[in-house]
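Residue numbers (the numbering used here): -1 to 419.
C-beta: ideal position from N, C-alpha, C; glycine also.
What follows is a short report on a single structure.
Written out as structure tokens, the structure reads:
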């Protein structure tokens, strides 16, 4: 609904009256000149004298066009009266009549240009058509054009709808006039008898002004169309920006969701590893330390580490664990019981924090240099890190044989250590 209202505002704004792109006086001048058809100019008296006998209409298209032009002229006069009186009902009816007459005229004019003056020219019919155009159709076209400008001219301004209607009328006039004056000289109508009077001269004289006004209106309409599009785009810009921003937020939220889900799945996988390979009190100790380390990495406090949901050790379990850890010369409980040795190159020699660091390096780091980075972070030699990686891989291979850690998220557990062929 808001979008429709914005577009309506744009249409309303662009259809407000704007300056007329041509001089209305030019239309008045062309109308006056068109009335000289059938007249002779007396150079001595400087007056126009009409021949005694008026020219009749010769062709069917000419009669139909003249009838529609008379309707058009009458409708424009009704529009002018309704404009003065404020009669909206009469104005609406007159507009309908104007639209119908213009549509019929456009079709008739196109038929005349393409058929009467086409390649298969019939000289007799073409000459009769030219006579109708010069004597009847052209003068009525100029008359209708003058009435249209009078209706839509509002103190030197004109709405786009009115300007488009005038362009339609003058474009038709231009097509007819251009086609008429370019026909062969042999079929151009000539004065009968010894009397000389004008026939094609008014149309020929007006053609440059017709062309000029037509061009000016067309340029103005194109300019208004571009401005209308810019106005609409400007009104729609906040909505597009809002949609773009919301789209970005949705994409970012989806990325966060997938990242959190991936971390959750990876976390679940590793809690399974730690639960399986750290039995008894060491399990509780490692879980509590891991929770504390992860909370510290995220900049959170001790209280948030408790909220991760890891079970707390009882005091008795804590004492037993501390006692076992401090006991000298006693084997530690290893992550990898099958390969447990006392040597410093066994993972059992790593502290709980270094164990977590080593595992994270193998899981998240890429490339062969991850061993070097792991060595730097846990302060061990490269030989020791290689031994840790080999030991870890052997344990994972056993788990894979038993059908564990075979999901896509566990793919990294297959390449912690790869023996060279």
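Could you pull out every residue in the same chain whose Cβ sits closer than 6 Å to the Cβ of residue i, ignoring the five residues on either side in sequence?
i: residue 410; result: 361
i: residue 9; result: Residue confidence for residue 9 is low, a pLDDT of 48 falling below 50, so the modelled location carries little weight and cannot support an answer.
i: residue 403; result: 397, 411
i: residue 415; result: 387, 388, 391
i: residue 55; result: 61, 130, 134
i: residue 222; result: 158
i: residue 339; result: Its pLDDT being 38, under 50, residue 339 is placed unreliably by the model, and the measurement read from it follows with that caveat. Nothing meets the Cβ criterion.
i: residue 204; result: 28, 31
i: residue 71; result: 141, 142, 145
i: residue 121; result: 185
With a threshold of 7 Å on Cβ separation, who are the neighbours of residue i within its own chain once the five nearest residues in sequence on each side are excluded?
i: residue 144; result: 25, 26, 29
i: residue 109; result: 59
i: residue 359; result: 368, 371, 372, 375
i: residue 148; result: 78
i: residue 417; result: none
Based on the DSSP secondary-structure assignment, which residues constitute the bridge partners of residue i?
i: residue 16; result: 156
Does the Cβ-Cβ distance between residue i and residue j come in under 7 Å?
i: residue 126; j: residue 57; result: yes
i: residue 164; j: residue 175; result: no
i: residue 173; j: residue 135; result: no
i: residue 218; j: residue 19; result: yes
i: residue 36; j: residue 195; result: yes
i: residue 31; j: residue 200; result: yes
i: residue 179; j: residue 202; result: yes
Comparing C-alpha positions only, which one of the options sits nearest to residue i?
i: residue 130; options: 255, 158, 375, 187; result: 187
i: residue 216; options: 158, 70, 389, 244; result: 158
i: residue 128; options: 384, 95, 182; result: 182
i: residue 140; options: 387, 224, 68; result: 68
i: residue 407; options: 256, 399, 390; result: 256
i: residue 97; options: 115, 364, 74; result: 74
i: residue 142; options: 185, 55, 76; result: 76
i: residue 193; options: 401, 350, 38; result: 38
i: residue 138; options: 364, 65, 85; result: 65
i: residue 420; options: 70, 241, 378, 16; result: The structure shown has nothing for residue 420, since the chain only spans -1 to 419.
i: residue 198; options: 85, 252, 33; result: 33
i: residue 177; options: 132, 80, 346; result: 132
i: residue 93; options: 237, 122, 160; result: 160
i: residue 53; options: 224, 364, 189; result: 189
For residue i, which residues in the same chain have their Cβ closer than 8 Å to its Cβ, ignoring the five residues on either side in sequence?
i: residue 62; result: 102, 106
i: residue 166; result: 100, 104
i: residue 394; result: 403, 411, 412, 414
i: residue 376; result: 348, 352, 355, 356, 383
i: residue 211; result: 20, 24, 25, 168
i: residue 399; result: none
i: residue 124; result: 114, 115, 181, 185
i: residue 155; result: 15, 16, 17, 18
i: residue 88; result: 76, 79, 80
i: residue 214; result: 19, 20
Exercise. Going along the chain, which unbroken runs of the alpha helix (DSSP H) with 4 or more residues stay wholly within the segment 94 to 136?
Worked result: 121 to 130
For this session: At 3 residues or longer, and completely inside the segment 202 to 267: list those beta strand (DSSP E) runs for me, N to C.
Result: none
For this session: Note down, one range per segment and in chain order, each alpha helix (DSSP H) of at least 4 residues found wholly within the segment 68 to 92.
Result: none
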